[in-house]
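**Student:** Questions regarding the structure given below will be posed in turn.
Numbering (my numbering), first residue to last: 652 to 959.
Encoded structure:
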């Protein structure tokens with residue numbers, strides 16, 4: 652995989668650390684190498700897998716913020732051509748013997764294919780709602796929801812936005828994860844893309860892909876209290892409590908907020924961890940999400956997930 656990026660401002664002793672996943676579509680990143688140039692080649696890849704990368708500029712032990720995620724699918728391994736079998740030599744057929752015509756057996760009906768994908772199979776998710784606008788800080792905000800239309804849970808999901816100018820030329824490619832790690836079968840999860848407005852930006856396309864999984868944790872997290880209000884400064888608040896009704900502790904409890912307008916379109920999305928982020932059985936954690944931008948907000952939803 653050939654990687655390249657735009658150099659950051661020149662500084663003495665500066666280089667770049669390259670981070671990449673291990674074929675798990677962005678769920679676990681490893682430090683792959685160091686370079687003082689703006690290119691890097693990752694050669695230890697498996698054919699047919701999607702690999703995700705990011706770069707950090709560094710001076711000594713100090714590293715910058717991570718770059719945008721980028722990646723691609725490695726070409727599949729070519730299938731070898733089948734070896735031709737020798738043509739059998741025809742032997743003379745014996746004279747036919749008069750026999751009764753056999754009763755034909757009923758043709759067995761093939762079993763229907765299993766609807767549930769195999770764990771680790773690539774899935775294409777639907778982008779069911781999205782919108783864009785420039786917020787009060789001059790940032791381009793693209794917000795929406797992905798939907799899992801399959802009968803199996805999905806993880807390692809990546810939403811890709813390609814930005815174009817008025818002539819249809821690609822300006823940038825941005826890759827983000829939804830605000831939830833897992834998207835259950837038939838469910839939705841919000842995503843948020845936030846970046847400076849590219850010069851000449853006119854339009855965009857969105858796509859989403861992930862991997863099927865049977866490892867999604869089944870956790871008994873209950874929303875026991877929630878409320879919404881707007882303060883005098885014009886900020887939108889959602890706060891509440893989440894309780895662990897399971898038999899074991901739950902780590903990294905996350906609450907994702909999705910705000911909709913009167914037409915049911917997503918206008919903003921945010922996520923936060925509960926306090927505390929690790930809940931013991933029977934313990935409840937609090938959360939508070941504050942949103943500045945919420946054009947024509949009509950309703951909201953909250954989703955909760957955690958890790959065993």
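All residues carry an ideal CB built from backbone N, CA and C; glycine is no exception.
Quick one: is residue 933 buried, meaning 16 or more other Cβ sit within 10 Å of its Cβ, or exposed?
**Tutor:** exposed
**Student:** Taking the beta strand (DSSP E) that residue 804 falls in, what are its first and last residues?
**Tutor:** Element bounds for residue 804: 804-815.
**Student:** Using only alpha-carbon positions, find the residue among 803, 820, 780, 882 that is nearest to residue 868.
**Tutor:** 803
**Student:** Below 7 Å CB to CB, which residues in the same chain sit around residue 838 once its five sequence neighbours on both sides are set aside?
**Tutor:** 799
**Student:** CA-CA distance, residue 653 and residue 796?
**Tutor:** Distance between the alpha carbons of residue 653 and residue 796 is about 31 Å.
**Student:** How long is the line joining the alpha carbons of residue 701 and residue 722, rounded to whole angstroms?
**Tutor:** 7 Å
**Student:** In or out: residue 950 buried (at least 16 other Cβ within 10 Å) or exposed?
**Tutor:** exposed
**Student:** Residue 625 by DSSP, collapsed to three states: which one?
**Tutor:** Residue 625 cannot be examined here, being either before or after the span of the chain that is shown, 652 to 959.
**Student:** If you follow the beta strand (DSSP E) that residue 939 is part of, which residue opens it and which one closes it?
**Tutor:** 935-942 is the extent of the beta strand (DSSP E) around residue 939.
**Student:** Quick one: grab the DSSP three-state call for residue 917.
**Tutor:** strand
**Student:** Relative to the C-alpha of residue 873, which candidate in 935, 667, 822, 931 has its C-alpha closest?
**Tutor:** Nearest C-alpha to residue 873: 935.
**Student:** Around the C-beta of residue 876, are 16 or more other C-beta atoms found within 10 angstroms, so that it is buried, or is it exposed?
**Tutor:** exposed
**Student:** May I ask you to list the residues that DSSP assigns as paired with residue 881?
**Tutor:** 887
**Student:** List the whole-angstrom C-beta distance separating residue 776 from residue 808, where the pair is believed to meet the contact cut-off of C-beta under 8 Å.
**Tutor:** 6 Å
**Student:** When you compare only the Cα positions, how much space is there between residue 713 and residue 898?
**Tutor:** Cα to Cα, residue 713 sits roughly 42 Å from residue 898.
**Student:** If we count the other Cβ atoms within 10 Å of its Cβ and call it buried at 16 or more, is residue 710 buried or exposed?
**Tutor:** Classification of residue 710: exposed, given that the 10 Å Cβ count is below 16.
**Student:** DSSP beta-bridge partners for residue 665?
**Tutor:** Paired residues: 710.
**Student:** Are the region 844-854 and the region 781-791 touching, with three or more C-beta to C-beta distances below 8 Å?
**Tutor:** They touch, by the three-pair rule.
**Student:** State the CB to CB distance for the pair residue 878 and residue 891, rounded to an integer number of angstroms; the pair is presumed to be in contact (CB under 8 Å).
**Tutor:** 6 Å
**Student:** The beta strand (DSSP E) with residue 949 in it runs from where to where?
**Tutor:** 948-958
**Student:** Helix, strand or coil for residue 861? Go by DSSP, reduced to three states.
**Tutor:** strand
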